[in-house]
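The numbering of the sequence shown is this note's numbering, which starts it at 582 and goes up by one.
C-beta: ideal position from N, C-alpha, C; glycine also.
Quick caveat: nothing in here was measured; it's all calculated off a predicted structure.
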Amino acid sequence: MIKLSRFFVICLTIVILLSSFLFNIVSAAGEEIEITMWFGRNNFIPGDAFEQFHKEYPNIRVKTDVIRLEQSVADFIRAAGAGKAPDLLQVPADSIGPLAQQGLLLDMTELFNRWQKEDPETYNGIAPLGWSMPKWDGIPYGVALHIGPYWYVYRKDLFEKAGISHPPKTWDDVLEAGRKLSVGDTIGFSIIGSREHDPVWFLSLFMAMGGQFENNVPQLNSEAGIYLLSFYQTLMRDKIASSDTLAWNSGDMRAAFIGGNAAQSFIGDNIFPTIQEAMPWNEKWSAVPPLVRPGAESEGRYMALGWPYLVSANTKYPYEASLVLRYLSRPEIISEVAMRYQPTTVVKVLNLPEYKEAKPWAPDFEGAFNQLVPLPAHGRQPAIYRYLLDAMQEALSNPNDDPAKIAQKYQDLIDKEASR
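Following this line, the structure appears as structure tokens:
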């Protein structure tokens, strides 16, 4: 009788433990989970606003907010310090270093391995650049589903009016055409000169002109760097650019081009749909990949920016956050964003007929897209950027100064900063 009683107690204990375990599983599955996600632009938010995701995962709610890319890093650091960091955030790829160094980002290695096993179709559908761009010291912190290159754009109507029959092939040709095109209220080339943005246009030109990096530090005192500074000086000295260039931001630059007040510019692929609304592709305007520096044709590279989605180190729901990333990478979800805004690293989308219909210029840039390289990032990037902006503005303000001396002056400051 005693043995039976003991057996009964043991069985009852096992039943209670199993019941408790199963109850916890059911409770976790039914728990209402809120994932907070910061997008860098409203345009990045999928058109369905996660409606299908909420149907598939009824216990997970994605709450979105828009924190502009320009302030996302600083705001995230402050939010993390106050214990109010989002689960997911979007930042420029070249800003990952400082966040990773402070331990604010989650190492996604295990979660990405799980993604590859559970959903290989979406995982394998992302181009290598989408995975490599959000890494720091070899550790993956997120995925870059959107990338953005800059292309050389020109007004075909203004070229024809000026008697120029074909687009430039080199940056020297751009300057030569700019002199002919600068007539009356029309400027030959519109460019950013203010400090409102990071110097990514400047660096994209630098790389197109053959500029190199050593340990992710731009070599401004190289032939390419000196040529770049001289290019900016010539724009001002020969009155090819606006006299107000020092105050111009990206909006001013593209408004001048779209409005017909600038004959040439250097504009991001994401702005092409806006230009297309104003004037159909290949009628009054067209574009080609970045041009080359004479004598350095083999050294130029096509730079791509990226705006990866990252996971906060303090998230309580890392797996659920990774499910959001999987959802955003689905071709049917991301194609909607890619067609109206930024190109994507999801390869299948780039080959969709509807994508090419929405972006008729896309086929002309397929080769260039396959050659895109990420902008190198350094742990001291913010300070390096300040010196690059200083160099750019000094060249714009002093068009007759020796560009080599300007380059060396700021290279010394950049190298000192990078060595800290």
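State the Cα-Cα distance for the pair methionine 834 and serine 846, rounded to the nearest angstrom.
-> 8 angstroms
Determine, using beta carbons only, whether leucine 756 and leucine 977 come nearer to each other than 7 angstroms.
-> no
Is valine 892 buried or exposed, if buried means 16 or more other CB atoms sit within 10 Å of its CB?
-> buried
Per DSSP, what kind of secondary structure is lysine 865 in: helix, strand or coil?
-> The three-state secondary structure of lysine 865, taken from DSSP, is coil.
Going by beta carbon distance, what residues of the same chain come within less than 8 angstroms of glutamine 992, once the five residues before and after it are set aside?
-> Gln800, Leu801, Asn802 and Gly806
Quick one: residues in its chain with C-beta nearer than 8 angstroms to the C-beta of isoleucine 614, no 5 flanking neighbours on either side, listed in chain order?
-> So the list reads Asn640, Ile641, Arg642, Tyr898 and Glu901, once near-sequence residues are dropped.
Would arginine 659 be called buried (16 or more neighbouring beta carbons within 10 Å of its own) or exposed?
-> exposed
Those runs of the alpha helix (DSSP H) which lie wholly inside the region 827-851 and span at least 4 residues = 831-839
In chain order, what residues of the same chain lie with their CB nearer than 6 angstroms to the CB of aspartate 779, ignoring the 5 residues before and after it?
-> The answer, listed in chain order, is Tyr966.
In chain order, what residues of the same chain lie with their CB nearer than 8 angstroms to the CB of leucine 953, ignoring the 5 residues before and after it?
-> Leu710, Ile728, Pro730, Tyr883, Met884 and Ala885
Name the DSSP bridge partner or partners of tyrosine 733?
-> Phe847 and Val869
May I have the straight-line CA-CA distance separating lysine 940 from alanine 999, to the nearest angstrom?
-> In this structure, the straight-line span from the alpha carbon of lysine 940 to that of alanine 999 is close to 40 angstroms.
Going by alpha carbons, who is nearest to phenylalanine 620 out of Ala663, Lys636 and Asp668?
-> Asp668
Measure from the alpha carbon of arginine 907 to the alpha carbon of each residue in Arg1001, Tyr638, Lys742 and Val734, then state which is nearest.
-> Tyr638
Just how far apart, CA to CA, sit alanine 836 and lysine 698?
-> 47 angstroms
Is proline 749 helix, strand or coil when you go by DSSP?
-> coil
Is the region 710-727 in contact with the region 953-962, if contact means three or more CB pairs nearer than 8 angstroms?
-> yes
Counting Cβ pairs, one atom from each stretch, are 3 or more of them under 8 angstroms apart for the region 973-987 and the region 784-791?
-> no
For the beta strand (DSSP E) that contains tyrosine 890, what are its first and last residues?
-> Its beta strand (DSSP E) spans residues 890-892.
Going by beta carbon distance, what residues of the same chain come within less than 7 angstroms of aspartate 738, once the five residues before and after it are set aside?
-> Lys865, listed in sequence order.
Look at the alpha carbon of serine 746 and the alpha carbon of glycine 769, and state the distance between them as a whole number of angstroms.
-> 15 angstroms
With 16 other CB atoms within 10 Å as the buried threshold, where does arginine 736 fall?
-> It counts as buried.
Residue environment, serine 824, which counts as buried when at least 16 other CB atoms sit within 10 Å | exposed
From what residue to what residue does the alpha helix (DSSP H) around tryptophan 782 run?
-> 781-789
Would you call the CB atoms of valine 547 and valine 647 closer than 7 angstroms?
-> Because the chain in this structure spans residues 582 to 1001, residue 547 falls outside the shown range and cannot be described.
According to the neighbour-count rule (16 or more other Cβ atoms, all chains shown, within 10 Å of its Cβ), is glutamine 652 buried or exposed?
-> Per the 10 Å Cβ criterion, exposed.
By how many angstroms is the C-alpha of leucine 904 removed from the C-alpha of phenylalanine 634?
-> 9 angstroms
Where does the unbroken beta strand (DSSP E) through lysine 644 begin, and where does it stop?
-> 641-647
Note down, one range per segment and in chain order, each alpha helix (DSSP H) of at least 4 residues found wholly within the region 944-993.
-> If only complete runs of 4 or more residues are kept, the region 944-993 shows the alpha helix (DSSP H) at 947-950 and 962-978, in order along the chain.
Assigned secondary structure, glutamine 683 (DSSP; H/G/I helix, E/B strand, else coil) | Glutamine 683: coil per DSSP, three-state reduction.
Threonine 617 versus proline 679 - alpha carbon distance | Their backbone Cα atoms lie some 22 angstroms apart in a straight line.
Bridge partners of serine 771, per DSSP?
-> Ser846
Assign proline 875 to one of two classes, buried (16 or more other C-beta atoms within 10 Å of its C-beta) or exposed (fewer than that).
-> exposed
Selected residue, minimal CA-CA separation from proline 627, among Val798, Ser910 and Arg649 = Restricting attention to Val798, Ser910 and Arg649, the CA atom closest to the CA of proline 627 is found in Ser910.
If we call anything under 7 angstroms between Cβ atoms a contact, is alanine 630 one with valine 734?
-> no
With burial defined as no fewer than 16 other Cβ atoms inside 10 Å of the residue's Cβ, what is the status of glycine 774: buried or exposed?
-> buried
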